[in-house]
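Okay, so the sequence shown: first residue is 324 according to the working numbering, each after it adds one. Here is the structure we will look at.
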Amino acid sequence: MVIDGKQIARDLKSSVAERVKESSERIGRAPQLVVILVGEDPASEVYVRNKAKACEEVGILNRTVRLDASTPEEELLSLLRSLNADPKVDGILVQLPLPQHIDEAKVIATIDREKDVDGFHPLNVAGLWQKTPHMAPCTPKGIMKLLAAAGVDPKGKRAVVIGRSRIVGLPVAKMLLDANATVTLCHTRTVDLASVTREAEILVVAAGSARMVTGDMVSEGVTVIDVGMNRDPLTNKLCGDVDFDTVAPKASAITPVPGGVGPMTIACLMENTLECFLLHADR
Ligand code: GUN
324 MVIDGKQIAR
334 DLKSSVAERV
344 KESSERIGRA
354 PQLVVILVGE
364 DPASEVYVRN
374 KAKACEEVGI
384 LNRTVRLDAS
394 TPEEELLSLL
404 RSLNADPKVD
414 GILVQLPLPQ
424 HIDEAKVIAT
434 IDREKDVDGF
444 HPLNVAGLWQ
454 KTPHMAPCTP
464 KGIMKLLAAA
474 GVDPKGKRAV
484 VIGRSRIVGL
494 PVAKMLLDAN
504 ATVTLCHTRT
514 VDLASVTREA
524 EILVVAAGSA
534 RMVTGDMVSE
544 GVTVIDVGMN
554 RDPLTNKLCG
564 DVDFDTVAPK
574 ASAITPVPGG
584 VGPMTIACLM
594 ENTLECFLLH
604 ADR
């Protein structure tokens, strides 16, 4: 079974749209997300456009602020402080990566944690690890929803996560653990990676390496979530971290690239923005 991330994301956006409509009528204004893009990274341009489009679909007001690549760090921090103070701004997202001269950690920590729709603020990260209220990061949250939609309950299963990034690998491992899976966290430097991945009943791949997981590395019946987004150097087409053609025949369920995790990340961003809105407006 191919897990239709596009459809599952559409369904989530429809339910968010309904809740946005109902809450906007009750509260007397619509939620607003501000997306900040510093510089002209082509991949970031695409992400930012897709985020704006999703906002329109669900009825969230969207403002994209474009700043020159040479913008001083202090100017960005000062913009964030004014957005933090603006009661009509519910969510703030700074598109990563940032230019070299800007300290990413400082920028993330400056965003009001209650407007941090990415779930990257240190207090939101701590909340995930300490099981206290927090905004959850969009991609890991989307992965858990894809598993649920595919009818895969992590409880009691062996889950293997390849990749230990702050944005995907680490938080999704924690979420799988909290869903009662037994989790192995590994990476591209893991010795004999195949012997680890063959044990997986759920395999999440966020290694950032084109088609690194091949059919011989997985067991029959595995559920595979491919977080990869690479450009094939030969065909110039998008491809995942999983070699779909050899892995799919063995998998009981697998996400495609594109059309799997990507659309869910954006749908979860819409849900997080709604949650931030409700957090402010209902107080
Ligand atoms: N760059 C790549 N992925 C992301 C994301 O999820 N959030 C932000 N802010 N930047 C990104």
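Here a beta-carbon is modelled for each residue, glycine too, at the ideal position from N, C-alpha and C. This one's a predicted model, so the numbers in the text were calculated from it and none came from an experiment.
Inset, instruction - Answer with buried or exposed for residue 344, where buried requires no fewer than 16 other C-beta atoms within 10 angstroms of its C-beta. - result: Locating residue 344 in the sequence shown gives position 21, where the first residue counts as 1. So residue 344 counts as exposed.
Inset, instruction - Kindly examine the ligand GUN and report whether one of its heavy atoms sits closer than 7 Å to the Cβ of residue 610. - result: It is not possible to answer for residue 610, since the shown part of the chain is limited to 324 through 606.
Inset, instruction - Output the distance between the C-alpha atoms of residue 554 and residue 534, rounded to the nearest integer angstrom. - result: The sequence position of residue 554 within the sequence shown is 231, counting from 1. The sequence position of residue 534 within the sequence shown is 211, counting from 1. So the alpha carbons of these two residues sit roughly 10 Å apart.
Legend entry - Three-state class that DSSP yields for residue 520 in the structure shown: The count along the sequence shown starts at 1 and reaches residue 520 at position 197. Residue 520 sits in a helix when the DSSP states are folded into three classes.
Legend entry - Proximity winner among 452, 417, 356, 481, relative to residue 497 (alpha-carbon distances): The residue labelled residue 497 in the question sits at position 174 within the sequence shown. Among 452, 417, 356, 481, the Cα nearest to that of residue 497 belongs to 452.
Legend entry - Sub-8 Å separation of residue 586 and residue 325 beta-carbons: In the sequence shown, residue 586 corresponds to position 263, counting from 1. In the sequence shown, residue 325 corresponds to position 2, counting from 1. In this structure, residue 586 lies away from residue 325, with their beta-carbon atoms at least 8 Å apart.
Legend entry - Buried versus exposed, by CB contacts within 10 Å (16 or more), residue 495: Position 172 of the sequence shown, counting from 1, holds the residue named residue 495. Classification for residue 495: buried.
Inset, instruction - With residue 548 as the anchor, note down where its beta strand (DSSP E) starts and where it stops. - result: As a first step, residue 548 is located in the sequence shown; it is residue number 225 there, counting from the start. Note, residue 548: beta strand (DSSP E), 546-549.
Inset, instruction - Could you tell me if the beta carbon of residue 418 falls within a distance shorter than 7 Å of some heavy atom in the ligand GUN? - result: In the sequence shown, counting from the first residue as 1, residue 418 sits at position 95. Taking non-hydrogen atoms of the ligand GUN into account, the C-beta of residue 418 is found less than 7 Å away from one of them.
Legend entry - Buried or exposed by the 16-neighbour rule on C-beta atoms within 10 Å, applied to residue 503: For the purposes of this step, residue 503 is taken as residue 180 along the sequence shown, with counting starting at 1. The residue is exposed, with fewer than 16 neighbouring Cβ atoms inside 10 Å.
Inset, instruction - Hey, could you find the ends of the beta strand (DSSP E) residue 267 is sitting in? - result: Past the boundaries of the shown model lies residue 267; the chain is included only from 324 to 606, so the question cannot be answered.
Inset, instruction - Compute the Euclidean distance between the alpha carbons of residue 487 and residue 527, then round it to the nearest angstrom. - result: As a working mapping, residue 487 is identified with position 164 in the sequence shown. As a working mapping, residue 527 is identified with position 204 in the sequence shown. So the alpha carbons of these two residues sit roughly 11 Å apart.
Legend entry - Reference residue 394, options 439, 426, 568, 436, closest by Cα: Here residue 394 is taken as the residue at index 71 of the sequence shown, counted from 1. Taking the Cα of residue 394 as reference, the smallest distance to any Cα among 439, 426, 568, 436 is reached at 426.
Inset, instruction - Can you check DSSP and say which residues form a bridge with residue 507? - result: In the sequence shown, the residue the question calls residue 507 occupies position 184. Bridge partners of residue 507: 483.
Legend entry - Residue from 416, 381, 378, 376 with nearest C-alpha to residue 389: If you number the sequence shown from 1, residue 389 lands on position 66. Of the listed residues, the one whose Cα sits closest to residue 389 is 416.
Legend entry - Heavy atom of the ligand FAD within 7 Å of residue 409 beta-carbon: As for the ligand FAD, it is missing from this structure, which binds only the ligand GUN.
Inset, instruction - Check whether the Cβ of residue 326 lies closer than 7 Å to any heavy atom of the ligand GUN, and answer yes or no. - result: Position 3 of the sequence shown, counted from the start, is the residue given in the question as residue 326. For the ligand GUN, not one heavy atom lies less than 7 Å from the Cβ of residue 326.
Legend entry - For residue 512, the nearest candidate out of 532, 522, 523 (CA to CA): For the purposes of this step, residue 512 is taken as the residue at position 189 of the sequence shown. Ranking the options by Cα distance to residue 512, first place goes to 532.
Legend entry - Rounded Cβ spacing between residue 430 and residue 400 (contact assumed at less than 8 Å): Stepping through the sequence shown from its first residue, residue 430 is reached at position 107. Stepping through the sequence shown from its first residue, residue 400 is reached at position 77. Contact flag correct, Cβ pair sits at about 7 Å.
Inset, instruction - Using the Cα positions of residue 364 and residue 329, report the straight-line distance between them to the nearest angstrom. - result: By one-based count along the sequence shown, residue 364 stands at place 41. By one-based count along the sequence shown, residue 329 stands at place 6. Residue 364 and residue 329: Cα-Cα distance of roughly 25 Å.
Legend entry - residue 595 burial status per 10 Å Cβ neighbour count (16 or more: buried): Residue mapping note: residue 595 aligns to position 272 of the sequence shown, counting from 1. When all chains shown are included, residue 595 counts as buried.
Inset, instruction - Please indicate yes or no: does the CB of residue 591 lie closer than 7 Å to some heavy atom of the ligand GUN? - result: By one-based count along the sequence shown, residue 591 stands at place 268. Exclusion of residue 591 from the 7 Å shell around the ligand GUN follows from its C-beta lying no nearer than that to any non-hydrogen atom of the ligand.
Inset, instruction - State yes or no: is the C-beta of residue 455 nearer than 7 Å to some heavy atom of the ligand GUN? - result: In the sequence shown, counting from the first residue as 1, residue 455 sits at position 132. Residue 455: no, Cβ never under 7 Å from the ligand GUN.
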